[in-house]
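Start counting at 1 in the sequence shown, then tack on 3, and there's your number in my numbering.
We treat Cβ as the ideally placed atom computed from N, Cα and C, and that holds for glycine.
Treat the numbers as computed from the prediction; the structure is a model and nothing was measured.
Following: one structure in structure tokens, then a few remarks.
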Amino acid sequence: MSDADDFKPYDDGEDDANGDHDKEFDKDYDRESDRDFDRESDEKSDESHEGTPPSPSLSPDPSSPPEPASPRPPRIPLPRASVEDTGLPLPALEGLVGPEPLRLEHPVLKSLLGAWALAACSAEETAAVEEHLGDCGSCADEARRLREAVGLLQRPESLDLDPGLRTRVLESCLDRRPPRIPVPAWAASYDAETARLDALLQDFGDAEWHAPVRLRWFHEEGETTRRTTVAGVIAHLLAVDGLVALALGLEDPLAAGSGSGSGGGEGRQGGEKKSAVLAPAGRTEAFWEASHFPHTRSVRTPWREQTHALVRTVSFTGGGSPGTTPISYGDFELPLRDAMLDRAFECWVHAEDIAEAVDYPYTPPAPRHLHGMIDLAARMLPDALAARRRAGLASPTRARHLVTAGRPGRSLRLEIEGDGGGEWLIPLDSPGAMGSADHEVAHVALDDVEFCRLAAGHIPPEEAAAGQLGDREAIRDVLFAAASLSRM
């Protein structure tokens, strides 16, 4: 027979019968226990009263009812009473001996001052140090200084340095320490802005270098945008600064990418590629496409080396010259001195784009540098206004004939407020005409930083907070021409 045959199924009735049997057994056991206990009590009582005559009061009375049995002693012991509840005197405290205080030498106690200031000592060490401070003046002074230092470490406010500290130090150094080879005044703004941007990039990690950045500029009648990263913006600056480097005989950063073709003469496609690369937007797109992977923090080194090379070259060769070397931008040319101002302006604008992307504060340039950038934009406004008029984007001139170059014509007074501001008379009828206060038809007032952001395409012309007086049509044309100065 198998084990399965021996197994009996569970029966509720059988279990109930067993349970009743157990209960009956418990009752019988309790009754037997009570009888044994009573028998032992009677025997002890008889032994204690043996030889003593019975007392009348203790003799049983057959007529009286039987006395109830005495209660059983509790099985769980009662809690012990406290000494204070018994009324007994408490032990004297004078007889108790506490732990003996630490006896440490002076060098040991002095070495514990730092831990004591940080509340890192044990109770015995703390008592020994504090007792020693009452007797030793030098250690007391040192302990006070350490406690004050600990208070500085535990300040609730942030311990980060002021974000503007680096900028102030750089500006102070540039103002106080004259270089051995002076940088021309028209290149100082480029030197300062590239140094400020490099200082911003210095502490960036990989996450910041790949943070998305939206490049903005104004084209014809509206805003145009292009998405890239922080590393892509530095690559853009490297490619466009290469226009100046190429004109000064330095290495072009696009040379490796553009010179990778096969041998033979350049055909029609090569000529078109070369002309496209000459424009800032074309150079940037070509530089981005030449990299098979997105740009990383490694782009910072060639960009910074190129900025140093540009400043060093113009310092050696342009100190005594007016900086008239033409720099081609594809569609137009600028003299070297104005090209360096243009590159400084774009470096500041894109540095603000980067700072906005990583949520970091960034201040405008120094007033003297800001004034030079505004002056360049004001001098470029007549040509920008004429180009928009030729494209049909501006109202035609109201003059019966074009004003002869060098002669006064209708003018708009551009007033720029702030430390970097000033006043300029913008000719409206011809790029070669002279601005004249006698022929002033409109007056516009703008903040210096706001005007620069308008010229960078970061503020729509309709939203520019300008004080306007006079010919509304001329004011609109000038504001739109200022925004059209922006480019990628």
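Just to confirm the assignment, what range does the beta strand (DSSP E) spanning residue i have?
i	result
Ala122	Neither: Ala122 is in no beta strand (DSSP E) and is coded neither H nor E.
Arg185	In the sequence on display, residue 185 carries Pro and not Arg. No beta strand (DSSP E) holds Pro185; DSSP gives it neither H nor E.
Ala2	Residue 2 lies beyond the stretch modelled for the chain, which goes from 4 to 491, so this question has no answer here.
Phe221	215-222
Glu226	225-232
Glu211	From DSSP, Glu211 is part of no beta strand (DSSP E) but of the alpha helix (DSSP H) over 209-212.
Taking Cβ to Cβ, would you say residue i is nearer than 8 Å to residue j?
i	j	result
Asp244	Leu313	yes
Phe290	Ala238	yes
Ser414	His442	yes
Ala146	Leu116	yes
Pro256	Gln309	yes
Glu416	His374	The amino acid at residue 416 is misidentified as Glu; the sequence shows Arg. No, the Cβ-Cβ distance between Arg416 and His374 is not below 8 Å.
Asp201	Arg307	yes
Ala131	Pro104	yes
Ala354	Leu203	yes
Trp427	Ala459	no
Met343	Trp189	yes
Leu431	Ala394	no
Asp451	Glu420	yes
Pro464	Leu457	yes
Leu149	Ala120	yes
Thr316	Leu396	no
Ala360	Val233	yes
Ala250	Thr328	yes
Mapping DSSP to helix, strand and coil, what is residue i?
i	result
Ile462	coil
Asp474	coil
Thr327	coil
Ser414	strand
Pro3	The requested residue 3 is not part of the displayed model; the chain covers only 4 to 491.
Glu3	Nothing can be reported for residue 3, as the shown portion of the chain is limited to 4 through 491.
Glu453	helix
Gly421	coil
Pro297	coil
Pro430	strand
Ala484	helix
I'd like the span of the alpha helix (DSSP H) that includes residue i, first residue to last.
i	result
Thr287	283-293
Thr310	303-320
Pro104	Where Pro104 is concerned, there is no enclosing alpha helix (DSSP H), given that its DSSP letter is neither H nor E.
Glu359	339-360
Thr170	168-179
Glu254	It is not in any alpha helix (DSSP H) - Glu254 carries neither H nor E in the DSSP assignment.
Arg150	140-156
Could you tell me if residue i is buried or exposed, where buried requires 16 or more neighbouring beta carbons within 10 angstroms of its beta carbon?
i	result
Ser433	buried
Gln205	exposed
Gly326	buried
Val349	Residue identity differs from the one stated: residue 349 is Glu in this sequence, not Val. Buried, since its Cβ has 16 or more Cβ neighbours within 10 Å.
Leu449	buried
Leu512	Outside the shown range of the chain, which is 4 to 491, sits residue 512, and nothing can be said about it.
Val111	exposed
Ile377	buried
Val186	buried
Ile184	exposed
Ala143	exposed
Thr407	exposed
Ala242	buried
Ala198	buried
Asp528	Outside the displayed span of the chain (4 to 491) sits residue 528, for which this structure offers no information.
Open item on the list: I'd like to know if the region 201-215 and the region 298-307 are in contact, where contact means that at least 3 CB-CB pairs between them fall below 8 Å.
Closed with: yes
- [ ] Take every Cβ of the region 381-390, pair it with every Cβ of the region 474-490, and state whether three or more of those distances are shorter than 8 Å.
- [x] yes
Task: Segment contact, 8 Å Cβ cut-off, at least three pairs: the region 187-194 with the region 217-235 - done: no
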